[in-house]
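Each residue of the sequence shown is one higher than the last, beginning at 1 in full-length UniProt numbering.
Cβ coordinates follow ideal geometry from the N, Cα and C atoms, glycine included.
Note that the structure is predicted; figures quoted are calculated from it, not measured.
Report on one structure; see the data block that follows.
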Amino acid sequence: MSVIAATGIALSCGTNYAYSAWAPQFASRLHLTATQQNLIGNFGNIGMYAMGIPGGYLIDRRGPRWGVFAGVLALACGYFPLRAAYLAGPGGYGMPWLCLMGLMTGMGSCTAFSAAIKLVKASSPYEAVPTDERPDLGRRDSNRLRRASDHERHGGRSSGEIDETSSLVDSDSTSTPGDLLERKSHHPHHPKPEVTGLALLHTPKFWQLFIMLGLLCGVGLMTINNIGNNARSLWHHYDDTASDDFIQSRQLLHVSILSLASFVGRLCSGIGSDWLIHHHASRFWTLVASALAFCGAQVVALTLENPNHLFYLSGLTGLAYGALFGVYPALVADAFGPSGLGINWGAMTMAPVLSGNIFNLAYGRILDAHSHFQGDGKGGGEVRCEEGKACYGSAYWVTVGASVVGVGWSLWCIRLEKVGRMREAREVGGREHEG
1 MSVIAATGIA
11 LSCGTNYAYS
21 AWAPQFASRL
31 HLTATQQNLI
41 GNFGNIGMYA
51 MGIPGGYLID
61 RRGPRWGVFA
71 GVLALACGYF
81 PLRAAYLAGP
91 GGYGMPWLCL
101 MGLMTGMGSC
111 TAFSAAIKLV
121 KASSPYEAVP
131 TDERPDLGRR
141 DSNRLRRASD
151 HERHGGRSSG
161 EIDETSSLVD
171 SDSTSTPGDL
181 LERKSHHPHH
191 PKPEVTGLAL
201 LHTPKFWQLF
211 IMLGLLCGVG
221 LMTINNIGNN
231 ARSLWHHYDD
241 TASDDFIQSR
251 QLLHVSILSL
261 ASFVGRLCSG
271 IGSDWLIHHH
281 ASRFWTLVAS
291 ALAFCGAQVV
301 ALTLENPNHL
311 FYLSGLTGLA
321 YGALFGVYPA
331 LVADAFGPSG
341 LGINWGAMTM
351 APVLSGNIFN
361 LAYGRILDAH
371 SHFQGDGKGG
381 GEVRCEEGKA
391 CYGSAYWVTV
401 GASVVGVGWS
411 LWCIRLEKVG
421 RMREAREVGG
431 REHEG
C-alpha cells in the first residue's frame, strides 16, 4: 500500500518536466525573452532543490503525510496563478510574480517527492516509534499496529500502540537541523555511525557527493528546461514551413521521451546499483554510467542538425538524469544512515541550485544573442532564432566540460571508497589479532 501511494505521489511531482513543453508558448504569449523564460524555470528548480532541507526536516519530524499536504498547497499556489498570468497576457503579471509562481511549483514538487522517498528508501514496518513521542497526525485509532519487540528495543519501556504513519517512518522528535548528530544506527543494514545536520559539513563524503550531484544535475536541467527551445530552433532552421502547432507537438513529444527515459533510468539504476552491491561492487559505477550518458548527450546536442533525430538528445538526457537520481538517495543513505535521510537528502539537493542557474542562464543569454523579433503583420509576433544548433551550441560546450569532470569525479569516488574499505578491513583484522 505504501509503495503504491508513494509511486502515485512521485508521479504527480514530475510536472517540472513539462515546463520545457509549454514554456516557449508561455513566453510568446507574455512577450518574454529566452533569458526571462529560463529565469522562471530556474526559480522552479530553486524551489525544487532548496526546499530539500526544510521539507526534509518537516518530514523527519512530522511524517510523510505533512509533506504531501504541504506539496499540494504549494503546487496549487504555483500553477493556478501561472494559468491566470497566461490568460491575462502581456503585462498582466510582472517577472517577480512569475518567478514566485515558478518557485512555488518547485517547492510543492520537492516536498511531496521527499515524503514519498522517506516512506519507501528508509521505512521499515519493524522500525517503530512510540505514539507518545510523535505528533497527532489524525485518525490515531485507525490501523494501529503492535510490535511485541518494542518493549525490548526501547530499553524496556512500553511503547503502547503505534499508528500507521509512525510504524512506517522512523523519526527523532528531539532532533533539529542545527544539531551536530552522530548516533549509532538502529537500522540492521547500516552498522556505521549516522551523521546528519551540521555534522555533514565536516564530512568529506558529503562534499564528494554534493559536488558530483551539482555537476551532473545542472547538466541535465539545462536540457530538460530547454528541450522545447532546442526543438523550436532546429525546426525553424530545418523547415521554415513548419507550423507552430506542429512544432508544439514535437516539443511535447520530446518532453514525453525525457520523462519516459528518466523513468527507465531510475528503475535500471536502482536495480542495477543493488545488483552491484550484492556482487561486492560499488554503487558509484552507476554514476559513471550516468556521467558517460551525459557526455554522449552533450556531443549529440553539439552535432545534431536534423530535428527528426532530436530524440537522441532527449532520450540520452532522460536516461542519464534518471540514473543519477535513481541511485543517489541510496548513496546518501549508505554514507550517512537512513534515519536522517529527509534532512540529508534535502541538504544534498541544494547542489543543483547553483549549477542549474549557471547553465540555464547561460543557455538563455546565448539563445537571446542569436534571436530576433519577427512580426506577424497583425501587430504581434514572436522572438525566434533560425540558426539551428548555432542558436544554443555554445551553451553545450560548457556542459560537455562539466560532464567530463563528472566522469573523473565518479571514478575518483570509487577509488576513495575502495581505499576506505581496505583501511576498515585492516583495522578489523588488527583488532581481531589483538583479541
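message: Whether or not the stretch 37 to 44 and the stretch 96 to 106 are in contact is what I'm after, with contact meaning three or more pairs of Cβ atoms, one per stretch, closer than 8 Å; do they touch?
response: yes
- prompt: What's the gap between the Cα of TYR93 and the Cα of ALA85?
  reply: Cα to Cα, TYR93 sits roughly 6 Å from ALA85.
field: Inter-residue Cα distance where the pair is GLY326 and ALA293
entry: 14 Å
- prompt: Between the Cα of LEU73 and the Cα atoms of THR111, ALA199, ALA297, which residue gives the shortest distance?
  reply: THR111
query: Which term fits HIS202, buried or exposed, when burial requires 16 or more other beta carbons within 10 angstroms of its beta carbon?
result: Around the beta carbon of HIS202, fewer than 16 other beta carbons lie within 10 angstroms, which makes this residue exposed.
message: For a test of the three-state rule: what should DSSP assign to GLU427, helix, strand or coil?
response: helix
task: Name the residue from THR241, ASN230, CYS217 whose alpha carbon lies nearest to the alpha carbon of SER262.
output: CYS217
task: Answer yes or no: does any C-beta atom of chain D fall closer than 8 Å to that of ILE53?
output: Within the model displayed, chain D is absent; a lone protein chain is all it includes.
field: Assigned secondary structure, THR349 (DSSP; H/G/I helix, E/B strand, else coil)
entry: coil
task: Would you mind sorting HIS189 into buried or exposed? The rule is 16 or more other CB atoms within 10 Å of its CB.
output: At HIS189, the pLDDT of 49 sits below 50, so the modelled position is not reliable and the matter cannot be decided from this model.
message: With distance defined between alpha-carbon atoms, name the residue in SER403, LYS118, GLU382, SER410 nearest to LEU30.
response: Answer by Cα proximity: GLU382.
- prompt: The beta strand (DSSP E) with GLY337 in it runs from where to where?
  reply: GLY337 -> no beta strand (DSSP E), and no H or E assigned at all.
- prompt: Which runs of the alpha helix (DSSP H) spanning at least 4 residues fall entirely within the stretch 235 to 310, listed in chain order?
  reply: 244 to 278, 284 to 303
- prompt: Ends of the beta strand (DSSP E) at PRO81?
  reply: Taken as a continuous stretch (DSSP letters only), PRO81 belongs to no beta strand (DSSP E), being part of the alpha helix (DSSP H) at 64 to 88.
- prompt: Among all the DSSP beta bridges, which residues are the ones paired with PRO29?
  reply: Note on identity: in this sequence residue 29 is Arg, with Pro being the wrong assignment. Answer is none; ARG29 lacks a bridge partner.
- prompt: Between which two residues does the alpha helix (DSSP H) carrying GLY8 extend?
  reply: 2 to 12
- request: Locate the alpha helix (DSSP H) running through ASN38, then write down its first and last residues.
  value: Unbroken alpha helix (DSSP H) run through ASN38: 34 to 50.
- request: Give me whichever residues DSSP pairs with VAL400 in a beta bridge.
  value: Answer is none; VAL400 lacks a bridge partner.
task: Decide if the stretch 390 to 401 is in contact with the stretch 353 to 367; the criterion is three or more beta carbon pairs, one per stretch, under 8 Å apart.
output: yes
field: GLU387 and PHE284 closer than 8 Å at C-beta
entry: GLU387 is not a Cβ neighbour of PHE284, given a cutoff of 8 Å.
message: Can you tell me whether GLU386 is helix, strand or coil according to DSSP?
response: coil
- request: Pick out whichever of GLY214, LEU209, VAL3, LEU87 has its Cα sitting closest to the Cα of GLY356.
  value: Taking GLY356 as reference, the option from GLY214, LEU209, VAL3, LEU87 with the minimal CA-CA separation is GLY214.
- prompt: Out of GLN208, ALA281, LEU32, which has the shortest C-alpha to C-alpha gap to GLY91?
  reply: LEU32
message: Determine whether the beta carbon atoms of THR317 and THR223 lie at a separation below 8 Å.
response: yes
task: Look at the alpha carbon of ALA76 and the alpha carbon of LEU103, and state the distance between them as a whole number of angstroms.
output: 12 Å
task: Quick one: using the 10 Å Cβ neighbour count with 16 as the cut-off for buried, is GLY406 buried or exposed?
output: buried
Start-to-end residues for the alpha helix (DSSP H) that takes in ALA18: Looking at the DSSP string, ALA18 is not in any alpha helix (DSSP H), and its letter there is neither H nor E.
task: Throw me the rounded Cβ distance for the residue 436 and ALA115 pair, which I believe falls under 8 Å.
output: The displayed coordinates of the chain run from 1 to 435. Any statement about residue 436 would go beyond what the structure contains.
Anticipated Cβ contact below 8 Å, LEU319 with ALA21, distance rounded: Wrong, their Cβ atoms sit about 19 Å apart, outside the cutoff.
message: Pull the bridge partners of PHE373 from the DSSP assignment, please.
response: Paired residue(s): VAL383.
- request: Name the residue from SER410, ILE59, THR105, MET51 whose alpha carbon lies nearest to the alpha carbon of SER12.
  value: THR105
- request: Within 10 angstroms of the Cβ of ILE343, are there 16 or more other Cβ atoms? Answer buried if so, exposed if not.
  value: buried
Any 3 or more C-beta pairs closer than 8 Å across the stretch 309 to 316 and the stretch 254 to 268: yes
query: Pairing CB atoms from the stretch 295 to 312 with CB atoms from the stretch 344 to 353, are three or more of them under 8 Å?
result: no
message: Please state the DSSP three-state secondary structure of GLY92.
response: coil
Simplified DSSP state of THR317, which is helix, strand or coil: Residue state, collapsed to three classes: helix.
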